[in-house]
Every structure is written in structure tokens, then in C-alpha cells.
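The sequence shown stops at residue 346 when you use this note's numbering, and every number in between is there. Notes to accompany the following structure.
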Amino acid sequence: MSVQTSRAARFRALELAPTTFAALALATAAALYVIVVTGSVVRLTSSGLGCESWPGCEAGAFFPASDSHAFIEFGNRVVGLVPILLTLATWLAARRLRSLPRWSARVALATFLGTLAQAPLGLLTIHFDLHPLLVMSHFLLALVVLAGGIVVALEAWRLVRGGVEPLVPAELRRAGLVLAGACLALVVSGTFTTAAGPHSGGADIRRLGSLDGALWVHVRTTALFGCVFLFVLGYLAARRDRSPRLFALSLALVGVLLVQMAVGEVQWRAELPWGLVVVHVALAAAVWAAVVAFVALLWRPLAVLAPGGRVDG
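Printed below as a string of C-alpha cells:
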């Protein structure tokens, strides 16, 4: 009996404080966002084949030579180690945090496994000379694990700040799920547009389909997302006295969307310079992250979002 008690005490000693776990989960979500942006830099600078070997850059040489494309690709690989380590740490910590719902630990595990899977997927992408579908899969998997990281981070902060029952009716929460699906469809159509345009990954990388066709789909997917979002926004506006802070969050999301639209228009008129496209991708990832967080808060709001909730926690 004393042995079991000793083991239980050691196990509890490994448990992080909720505030420490929340900070770790937030750092993980931030790292998962950063790797999306750095990965887009690799593609948009045509550096995807800068390193032709893996995990080293060249056969017989682990580090890159003087070529700028090699440095960009290898640098992205080094940066990619950070989210792998952080997602692993978050999952291990989630397992030991008894106050955290078990489903959150499973999401943390899936996030770690998805992040780890990026390494062999990247190797396959290089092996098949940046096939557009593999490059797109690489990017979309990054967005999926980013969503997982955000959900875990919000659940972690729920432990710190407290949570309340949903502030909006079930039909609006279900509309939020449709909004997240529409946002994902919007991002997917954007990746097809990139694959069909001048930034497919390199001068020798074949395009995927036609740019006009991809733009046709992307514009209509944007309209679909806009309609769903306007419905959610209108619903919250009509009932903003019941959930004023959720409504304020939706207005902040409108601001990010307007900036994204402006950058998209400018980059198109400027004939898609890669620097502006990087900003566009970074904003797209930010929109995706914000939508995931917004929908998660519709279902499991923090106490601070309730009318009269304390902002200072």
C-alpha cells in the first residue's frame, strides 16, 4: 500500500499547475501558427527543393551550403522541431492534469501525431518533386493541427479562468460548425489557387489545373463563407445583450477578414509578389485560427465572456 501511495505521489509531483499548462498550450498553438507561415515562405520563394536530402540538407552534408534556397528550406526544418517538441510536451502534461477533460488530452495527442507526421510527409513531398497535391496536404495538415492546438489552449485557459455553460442557443452553435467548415473550404480553395498560379513551388514545378478555374471556385467559396458568417454575426448582433463579449469577438474577426480581403485585392493587382502572398497566407492562417477559437468558445465559453464576467480573471 505504501508503494502505491509513493507512486501516486510521484505521479502528482509531475503534474503541472493549470497556469503553467495554459502557458505551455498557448506557446504550442503559437508555434503551430508560426510553422504555417514559415512553410509558406519556403514555397513562395521556390525553396522547397533547396535541400534534396532528409533529415540532412544534402547527401553527405547535414547543413546547407551557400545557396539561399537551401538555407530557407533547412531553416524551416529547424523551426519545425519546435512545434514537435511543444506538442509532445503538451500531450504529456495533459495526461497528468487531472482537472483537464480526457477528450482534451486525446486532442493533444492527435495534435502531436499530426505534427510529427509532417516530417515523413515533407520527405515524400521532396521525393515526388513537390507534387501539388502533396504540398497542399502538407499545408492543410498544418492547419488541422493548428486547430487542435487552439482547442487545447482554450480548454487549458478554461481551467485557469473558469468556464460557463454555452451563452448561445444550439442552432447558433451548429451554425458555428458550418462556419468552420466553410472557412476550411475557403482555405482549401485558396491552396488550389496557389497551386494553379505563379507560386506553385518553382519554375519547373507543374501547375495544378488552371488559374481561372481555381479563382472561379475560390470566389464562390468566399461568398459561401461570407453568407454563413453574416448569419452568425447577425444572430449575435440581435442578441448582443445576452453575450456582448462574444459579439465583440465576432467584430474583431470582421476586422481581420477586412484586412485579409484588402491584402488579397492588392496582391492580385500587383501581380502576386511573393512578399504580399506571404502576408496573405499569414492572414489566412490567422483567420482560420480565429474562426476555430470563436466556434470553440460558442460551445465552451470562458467565464470572462459571460455578461458581467471579470476581465482580469
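All C-beta atoms, glycine included, are put in the ideal place defined by N, C-alpha and C. These figures come from a predicted structure and were not determined experimentally.
Other residues of its chain near residue i: CB distance less than 8 angstroms, five sequence neighbours each side excluded
| i | result |
| --- | --- |
| Leu252 | Note on residue identity: the sequence assigns Val, not Leu, to residue 252. So the list is empty, once near-sequence residues are dropped. |
| Val261 | Ala208, Val211, Leu212, Ala215 |
| Val311 | Val70, Ser73, Val74, Leu77 |
| Trp332 | Pro199, Arg206, Gly209 |
Residue i (DSSP reduced to helix, strand or coil)
| i | result |
| --- | --- |
| Leu65 | helix |
| Gly259 | helix |
| Glu188 | helix |
| Glu304 | coil |
| Glu198 | coil |
| Leu179 | helix |
| Leu335 | strand |
| Ala50 | coil |
| Phe172 | helix |
| Leu163 | coil |
| Ser395 | Outside the modelled stretch of the chain, which goes from 34 to 346, sits residue 395, for which no answer is possible. |
| Pro153 | helix |
| Val328 | helix |
Other residues of its chain near residue i: CB distance less than 6 angstroms, five sequence neighbours each side excluded
| i | result |
| --- | --- |
| Asp162 | none |
| Pro51 | Leu192, Val193 |
| Arg266 | Position check: residue 266 holds Leu in this sequence, whereas Arg was assumed. Excluding residues within five positions, the ones whose Cβ falls inside 6 angstroms are Ser283. |
| Thr61 | Leu119, Thr120, Thr123, Gly182 |
| Leu156 | Trp87 |
Nearest candidate by alpha-carbon position, reference residue i, set the options
| i | options | result |
| --- | --- | --- |
| Thr144 | His164, Ile117, Leu130 | Ile117 |
| Leu338 | Val197, Arg272, Thr224, Thr254 | Val197 |
| Trp301 | Leu219, Thr227, Ala186 | Thr227 |
| Gly297 | His164, Leu335, Val220 | Val220 |
| Pro206 | Asp274, Phe327, Leu173 | Residue identity differs from the one stated: residue 206 is Arg in this sequence, not Pro. Out of Asp274, Phe327, Leu173, Phe327 has the C-alpha closest to the C-alpha of Arg206. |
| Arg273 | Ala98, Leu146, Leu133, Val201 | Val201 |
| Ala336 | Thr78, Leu166, Leu187 | Leu187 |
| Tyr66 | Cys90, Phe258, Ala98, Leu119 | Leu119 |
| Ser137 | Gly147, Trp124, Pro165 | Trp124 |
| Phe225 | Ile159, Pro165, Gln151 | Pro165 |
| Ser222 | Glu204, Phe262, Phe172 | Phe172 |
| Thr148 | Leu167, Leu114, Arg131, Phe54 | Leu114 |
| Leu286 | Gly308, Gly259, Ala152 | Gly259 |
| Val289 | Val314, Leu146, Val177, Val185 | Val314 |
CA-to-CA distance, residue j to residue i, given in whole angstroms
| i | j | result |
| --- | --- | --- |
| Val325 | Met169 | 20 angstroms |
| Ala319 | Pro277 | 23 angstroms |
| Ile105 | Gly214 | 32 angstroms |
| Ala295 | Leu49 | 43 angstroms |
| Phe95 | Ser101 | 15 angstroms |
| Ser233 | Pro340 | Residue placement at Ser233 cannot be trusted, given a pLDDT of 47 that sits under 50; the coordinates are not used to answer. |
| Gly209 | Phe280 | 13 angstroms |
| Ala317 | Gly93 | 38 angstroms |
| Ala122 | Ala270 | 40 angstroms |
| Leu154 | Arg275 | 46 angstroms |
| Gly346 | Ala127 | Reliability fails at Gly346, whose pLDDT of 39 lies under 50, so the model's placement of it is uncertain and no value is given. |
| Leu59 | Val112 | 17 angstroms |
| Leu57 | Ala218 | 30 angstroms |
| Leu179 | Ala322 | 7 angstroms |
| Ala329 | Gly182 | 12 angstroms |
| Pro334 | Leu133 | 15 angstroms |
| Cys84 | Ile159 | 8 angstroms |
| Phe54 | Gly246 | 46 angstroms |
| Ile68 | Leu305 | 22 angstroms |
| Leu63 | Ala175 | Note on identity: in this sequence residue 63 is Ala, with Leu being the wrong assignment. When rounded, the distance between both Cα atoms is 12 angstroms. |
| Gln151 | Asn109 | 12 angstroms |
| Leu263 | Gln293 | 16 angstroms |
Residues near residue i in its chain [Cβ-Cβ closer than 7 angstroms; skip 5 each side]
| i | result |
| --- | --- |
| Leu248 | Thr226 |
| Ser80 | His102, Ile105, Glu106 |
Please go through the segment 52-137 and give each complete alpha helix (DSSP H) segment of 4 or more residues, from N-terminal end onward. Complete alpha helix (DSSP H) runs here, min 4: 101-129.
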